[in-house]
Amino acid sequence: MRLVLLGAPGAGKGTQADILKEKFGIPHISTGDIFRSNIKNNTELGKKAKEYIEKGLLVPDEITVNIVKNRLEEEDCKRGFILDGFPRTIPQAEFLDKILAELNMNLDYVLNIHVPDEELVKRLSGRRVCQKCGKSYHVIYNPPSLENICDDCGSNLIQRDDDKEETVLNRLKTYHQQTEPLIEYYKNQGKLVTAIGQEKIEDTTKEVLKALGVN
Ligand code: AP5
Ligand code: MG
Ligand code: ZN
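Okay, so the sequence shown: first residue is 902 according to the numbering used here, each after it adds one.
1. For GLU896, which option in ILE927, GLY911, ILE1041, TYR1076 has the closest C-alpha, if you only look at C-alpha atoms?
2. So, helix, strand or coil for CYS1051, using DSSP?
3. According to DSSP, is THR1095 part of a helix, a strand, or is it coil?
4. Between GLU1020, GLN993, ASP1018, which has its C-alpha nearest THR1080's C-alpha?
5. To the nearest angstrom, how far is it from the Cα of TYR953 to the Cα of VAL960?
6. Between which two residues does the alpha helix (DSSP H) containing ASN1089 stretch?
7. How far does the beta strand (DSSP E) with PHE982 in it extend, from its first residue to its last?
8. Is any heavy atom of the ligand AP5 found at a distance shorter than 7 Å from the C-beta of PRO988?
9. Would you kindly report the start and end of the unbroken alpha helix (DSSP H) that includes ASN971?
10. In chain order, what residues of the same chain lie with their CB nearer than 6 Å to the CB of ILE1041, ignoring the 5 residues before and after it?
11. Out of PRO988, GLY947, ILE940, PRO910, state which residue places its alpha-carbon closest to the alpha-carbon of LEU904.
12. Is there contact between the segment 1105-1115 and the segment 999-1015, where contact requires at least three CB pairs shorter than 8 Å?
13. Following a CB-centred definition, is ILE898 positioned closer than 7 Å to any heavy atom of the ligand AP5?
14. Apart from the five residues just before and just after LYS941, which ones in its own chain have a Cβ nearer than 8 Å to its Cβ?
15. So the alpha helix (DSSP H) ARG903 belongs to, where does it begin and stop?
16. Could you check which residue in GLY986, ARG937, ARG1024 has the C-alpha nearest to that of LYS1033?
In structure tokens form, the structure reads like this:
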């Protein structure tokens, strides 16, 4: 399966990708996670990316596309992959078409997870992430078994810097201006499928699998 996950900030891309990667046994590639790990390790890339991410803006295309190109060329992507949060602009989508053609690959589906803006704000403000492995939780919708402790690795949960309310509103604005046009782009390629995000994570997974034609 070669899959792109589209959707606004907080739509549940990362949450569903974690479930799908287990089901299909393929890597989950999140450009947001790659930037966050570079920020944590204070690399040159991290320093550049941080300036944009903390304002709710997109990291420039020329920085982002090369990261994805290198990642898709790795061995484990031969069996398939889930791209989460890339592409996010029309030029990124055109670049992806080009590199996949060079690698002799085709996307199977572009899955858009649709959630209304009011719901997105609630989700992002309650999100907590594991500081070690990055797994996402929600204080109400998806709490860990022990308060503030990751179920998978036992590390502490923290709030993402860009989940502050002001930054969240900017991220939503950026999404509507720069990323939403990709829905039309992939509709025109005949690749778009849609899942309406539900109130429960497992119900959203059912919608996602139905959209992908998988049981
Ligand atoms: P990125 O990390 O990709 O953030 P995002 O797109 O803003 O999306 P999120 O990770 O916030 O949300 P999600 O859809 O993964 O939701 P989640 O599953 O966590 O990017 C961060 C930044 O990096 C960008 O702003 C940009 O600056 C930069 N960047 C990244 N890629 C880039 C690119 N290609 N080009 C340029 N810049 C780029 O769920 C959210 C919460 O809701 C969680 O708490 C979860 O537990 C809860 N939840 C999930 N599903 C449900 C449900 N069904 N019901 C109830 N709660 C739910
Ligand atoms: Mg995410
Ligand atoms: Zn963890």
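Using N, Cα and C, we set each Cβ at its ideal position, and we do this for glycine too.
Walking through what the data contain:
1. Because the chain here runs from 902 to 1116, residue 896 falls outside it and cannot be looked at.
2. In this structure, CYS1051 counts as coil in the three-state DSSP scheme.
3. Collapsing the DSSP output to three states places THR1095 in a strand.
4. Comparing Cα-Cα distances from THR1080 to each of GLU1020, GLN993, ASP1018, the minimum goes to GLN993.
5. Near 6 Å, if we compare the C-alpha coordinates of VAL960 and TYR953.
6. Run containing ASN1089: 1082-1089, per the alpha helix (DSSP H) assignment.
7. Looking at the DSSP string, the run of the beta strand (DSSP E) that includes PHE982 is 982-985.
8. The nearest non-hydrogen atom of the ligand AP5 is less than 7 Å from the C-beta of PRO988.
9. Its alpha helix (DSSP H) spans residues 962-973.
10. The answer, listed in chain order, is GLY1027.
11. When only C-alpha atoms are compared, the closest one is PRO988.
12. When Cβ pairs closer than 8 Å are counted between the two stretches, the segment 1105-1115 is seen to touch the segment 999-1015, the count reaching three or more.
13. Nothing in the structure corresponds to residue 898, since the chain is present only between 902 and 1116.
14. Cβ within range, chain order: GLY947.
15. Premise fails: ARG903 lies in the beta strand (DSSP E), 903-907, not in any alpha helix (DSSP H).
16. Per the Cα distances, ARG937.
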